[in-house]
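Scroll down for the structure; my scribbles are underneath it.
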Amino acid sequence: MDIAKQIIDQNPWWRRREAITQDKHLIKLKESSIKWEPRIKHTFNLNADIVYTLRGPRQVGKTTLLKLIIEELLIKYKVDPRSVLYFTCDLINYPEELVDILQYYNESIRPKREARAYIFLDEISSVKEWQKAIKYLSDTNKLVNTTIILTGSHTIDIKRAYERLPGRRGSLSHLNDTPDKILLPMRFVEYVETINKDLREVILRLDMLRVEHRKELVQEICSGTIPDEINELSLYEKDIKPLFESYLITGGVPLAIDEYIRKGRISEDVYKIYVDSVVGDIVRWDKREIYLRQILRRIFETMGNAIGWNTLKENTDISSHNTVADYVDILKDSFVLYYVRFYDITRREPLYQKNKKIHFYDPFFYHALKAWVYGKDPFEESMNSLKDTQVTGMLTEGIVGSHLIRLAFSIAKQKQLFDYEQALFYWKSKRGREVDFIIDISGLILPVEVKYQSKITKSDRYSIIDFHKSSETDKGIILSKDMMELEGNNNIITLPVWLFLMLV
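Reminder that position 366 of the sequence shown reads as 409 in the numbering used here, one-by-one numbering, no gaps.
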């Protein structure tokens, strides 16, 4: 491999600063009907010696985010173009190659060592044991005055970064949160403010872009009152509610959203890009595509139910439930799906021996993989699926759960040690009545029930009332399709799901 040629080709701004504006990812963003700039972009401290990781599912814009940061450094802040290195690691395999690349940059390209350098390594997961390269360079003082951002699509690398880079992540005292970032698909409120500029102005006026204010509003709801901001947003039901219905089709995936807005449908190619990346990850982990298809089929067949690995093994060619667990955990660590465990009220922690409930992080992931499993036209199949109220309810439940995970993370005091399995659960009473989610918000235990229907009856509250009787909690939230009310006797607030998601 000609190291010099590969590096120079990937960094055209070394020759001409303005070349960054012609980057294909940035051009695609500028041509897109949606201009999403993830808020996570503003959480990187680029003035400190820190090794960041940026993780998240495929096709949500990690590379585009890096290019946005690079463009800002070059065009807005006018840093020396040669102080910025971008390299995609798809074609290298070993840490020795990574060391050679970074040493070549340091010795042949980088300006004065006293000046800060910014290194962006894309798809670092392609490099086996990449941590060895970072450790070596750190130990030999090659990362002084350097900020590094590494991207990948798997959480295992985050765990390895902690385990294998102790004391080598840089000046973490400069951080208010974790150096390990996760870029997930757009949350619903991001979707709304990106698509509808008038609603963005409303969100700004209500000060709901500020994280601390949103936390205050959620805590107000948890205390049993409906904030004024909720009442204000409810006036825009005819604008927000249809956006939730389209969110059930596109999810928060920028490419899918752009096509749906421009064409009124999503092409098979967009679904295929996502499916191919998921299958590619499975193969890269030495797993079999046929097993993935069979396990996903069983997940689709059992969605909405609490299940164990043996249940997923039924009607497949797989002989061991441990194999099933391995595949599901790869999908979980690749941010395709998540699962919640049964809540032990006495210990206030998950019961690991109980069955789990599996959800997809994003409805687009569900539609793409389901069409692949069953060999259907993905867009037509997604539209047909959403005519089924049970499917729509399950997808809504999955959306709520993924947003609650983000809420729990945003509120957590120890973000570096955050594990959503210790913050989000489900629960079932002895009478068999199930609460979809139990969330631990800084010690406040709150039951959340998703009822994607227009009318909420007394019996729809029974599962939360059962939880009240079995725990010390006396609050609860029901998320409906349309209804908003405060049921005083049991301190249960009912809110339209689209309204609640605007806060999270």
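Idealized CB from N, CA, C, for every residue including glycine.
Beta-bridge analysis with DSSP links Trp470 to Val478. With contacts defined as CB atoms closer than 9 Å, Leu544 and Phe231 qualify as a contacting pair.
Within the same chain, and ignoring the five residues on either side of Tyr370 in sequence, the residues whose Cβ sits closer than 8 Å to its Cβ are Ile325, Lys330, Tyr334, Leu335 and Ile338. Residue environment analysis places His85 among the exposed positions, since fewer than 16 neighbouring C-beta atoms fall within 10 angstroms of its C-beta. Linking Arg125 to Gly486 through their CA atoms gives a straight-line distance of about 48 Å. Secondary structure of Leu89 (DSSP, three-state): coil.
In the DSSP assignment, Gly195 falls within the beta strand (DSSP E) that extends over Thr189 to Gly195. Within the same chain, Cβ atoms closer than 7 Å to the Cβ of Ile499 are found at Ile521, Ser523, Met526 and Thr537, the five residues on either side in sequence being excluded. In this structure, DSSP gives Pro393 an extended state, which the three-state scheme calls strand.
Judged by beta-carbon spacing, Lys518 lies within the 9 Å limit of Pro490, meaning their Cβ atoms are closer than that value. Of Leu109, Ile162, Phe480 and Glu259, the smallest CA-CA separation from Lys185 is found for Ile162. When the alpha-carbon of Asn398 is set against those of Leu412, Ser428, Gly351 and His364, the nearest one is in Gly351. With at least 16 other beta carbons inside 10 angstroms of its own, Asp479 counts as buried. For the 9 Å CB-CB criterion, Pro285 and Asp405 do not form a contact. Secondary structure within the stretch 219 to 291: the beta strand (DSSP E) runs of 3 or more consecutive residues, fully enclosed, are 223 to 225 (chain order). Where Ser506 is concerned, the enclosing alpha helix (DSSP H) starts and stops at Tyr505 to Ser513.
Counting only unbroken stretches of 4 or more residues, the alpha helix (DSSP H) elements lying wholly within the stretch 128 to 162 are 138 to 147, in sequence order. Taking C-beta atoms under 8 Å as the contact rule, Gly267 and Asn534 qualify, at a distance of about 5 Å.
One thing to note: Tyr317 has its Cβ within 9 Å of the Cβ of Phe407. With a cut-off of 8 Å on Cβ pairs, the stretch 257 to 277 is not in contact with the stretch 60 to 70, counting fewer than three such pairs. Three or more Cβ pairs drawn from the stretch 297 to 317 and the stretch 413 to 431 lie within less than 8 Å of each other, which places the two stretches in contact. DSSP lists Gly195 and Ile225 as the bridge partner or partners of Arg98. Pairing Val94 with Ile192, the inter-Cα distance amounts to about 6 Å. The Cβ atoms of Asp483 and Ala451 lie closer than 9 Å to each other. Nearest to Val170 by alpha-carbon distance, out of Leu141, Leu467 and Lys258, is Leu141. Here the stretch 66 to 83 makes contact with the stretch 107 to 114; the two share three or more CB pairs at distances below 8 Å.
Ile152 is positioned such that its CB atom lies no closer than 9 Å to that of Trp56. In this structure His402 touches Gly444 by the C-beta definition: roughly 5 Å separates them, less than 8 Å. Taking C-alpha positions only, Arg248 is separated from Arg305 by approximately 29 Å. Between Tyr290 and Ile488, the C-beta gap is not smaller than 9 Å, which leaves the two residues out of contact. Under DSSP, Ile535 shares a beta bridge with Gly519 and Glu530. Check the Cα spacing between Lys240 and each of Ile51, Ser502 and Ile77: the tightest is with Ile77. A Cβ-Cβ separation of about 5 Å places Tyr147 in contact with Ile46 under the 8 Å criterion. Secondary-structure assignment with DSSP links Pro406 through no beta bridge to anything. Residue range Glu332 to Thr345 is occupied by the alpha helix (DSSP H) that includes Glu344.
Comparing alpha-carbon positions, the option among Ile454, Leu447 and Ser513 lying closest to Thr389 turns out to be Ser513.
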